[in-house]
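Participant: Numbering (my numbering), first residue to last: 46 to 376.
1) Can you tell which of 308, 198 and 252 has the C-alpha that lies nearest to the C-alpha of residue 208?
2) Do the segment 123-143 and the segment 77-86 touch if we need at least three Cβ pairs shorter than 8 Å?
3) If you reduce the DSSP assignment to three classes, tell me which class residue 62 lands in.
4) My output table needs one value for residue 250: the three-state DSSP class, helix, strand or coil.
5) Hey, residue 337 and residue 328: beta-carbon distance below 7 Å or not?
6) Between which two residues does the alpha helix (DSSP H) harbouring residue 104 extend?
7) Expressed to the nearest angstrom, what Euclidean distance is found between the alpha-carbon atoms of residue 181 and residue 72?
8) How is residue 293 classed by DSSP in three states: helix, strand or coil?
9) My output table needs one value for residue 264: the three-state DSSP class, helix, strand or coil.
10) Let me confirm a value: residue 311 is counted as buried when at least 16 other C-beta atoms fall within 10 Å, else exposed. Which label applies?
11) Take the Cβ of residue 59 as the centre, count every other Cβ of all protein chains shown within 10 Å, and call the residue buried at 16 or more, exposed below.
12) Are the Cβ atoms of residue 64 and residue 111 separated by less than 7 Å?
13) When DSSP builds the beta bridges, which residues end up paired with residue 210?
14) Out of curiosity, what's the CA-to-CA distance linking residue 322 and residue 353?
15) Please report how far the alpha carbon of residue 223 lies from the alpha carbon of residue 270, in whole angstroms.
16) Tell me the DSSP secondary structure of residue 224 in three-state form.
17) Counting only the same chain and skipping the five closest in sequence on each side, list residues whose C-beta sits under 6 Å from that of residue 49.
18) So, using beta-carbon positions, are residue 326 and residue 342 closer together than 7 Å?
19) Quick check on residue 233: does DSSP put it in helix, strand or coil?
20) Less than 7 Å between the C-beta atoms of residue 113 and residue 66, yes or no?
21) Once DSSP output is grouped into helix, strand and coil, what is the label at residue 259?
22) From 94, 99 and 137, pick the residue whose C-alpha is nearest to that of residue 123; which is it?
23) Using only alpha-carbon positions, find the residue among 136, 104 and 199 that is nearest to residue 158.
24) Between the segment 253-263 and the segment 218-236, can you find at least three pairs of beta-carbon atoms closer than 8 Å?
25) Could you pull the start and end residues of the beta strand (DSSP E) that residue 308 belongs to?
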């Protein structure tokens, strides 16, 4: 495939699309959305055909990796049909999903058959009461069952995602690493991002840097810098003597802006050029005004890339810097 035609003013080529298929979720994770979250009316959400049209435009312009997100993407009805269409695209090097794992007991096998290659599964705690507190749902057993279903389905790679917060779950860092090692899984630890207003905790107090997480792991395990790459922002280390790769996503302490290769499209059809900026472009209105005009859509994407900022401005000492919640953006 030729190089991506999506190039921003700083010479970065966009090869990675994060495509949100819904803003709805069956959990209410405290760092992601409020308990009383109001979701978009269904008429405002892109149809499955519109989602495919967006993906098709990006693929035709050189995008090689697509990650399907939400909300919780697996609550979107008809999703496996969309995934099968994307999975059949030979131009794609990777088709992945980020999920909370709750629907995997029944869907893991069909996702694999549809052509999904990799799964990221959110897991912030192995303790039932704490899991229920962080997600506002008592479903740890369901998620653990989903992880086992994914392993049985034969995915190329399965990675756990853990958002670490001081005083809330940072005492489980080593337990989560051991859990991953025992099952041959990868795991990424994520610094919480300041998206949306939260009342459950104070981010400047609960912030835990990737460097601190790595130091705690290295107190027990030898970590060897790895060349492993997934097209995303994680920096990886191999746990010596195991199959497990430990990744760190560090938007605060070691931001990944210089090598940014991705954009997001929300479930409402907004093109988000940078996670740390409020600005977004309305692709849905364009597609509904000019249905089936793929050339117009491609041209709009190429032009839009000229507005991509050089970097975000996340800080840990402010309560809110971007008003939208992560569930609205596409995690």
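A virtual CB, placed ideally from N, CA and C, is assigned to each residue, including glycine.
Facilitator: Working from what's here:
1) 252
2) no
3) strand
4) helix
5) no
6) 93-105
7) 7 Å
8) strand
9) coil
10) buried
11) buried
12) yes
13) 252
14) 10 Å
15) 19 Å
16) helix
17) 58, 59, 60 and 107
18) no
19) strand
20) yes
21) helix
22) 94
23) 199
24) yes
25) 307-310
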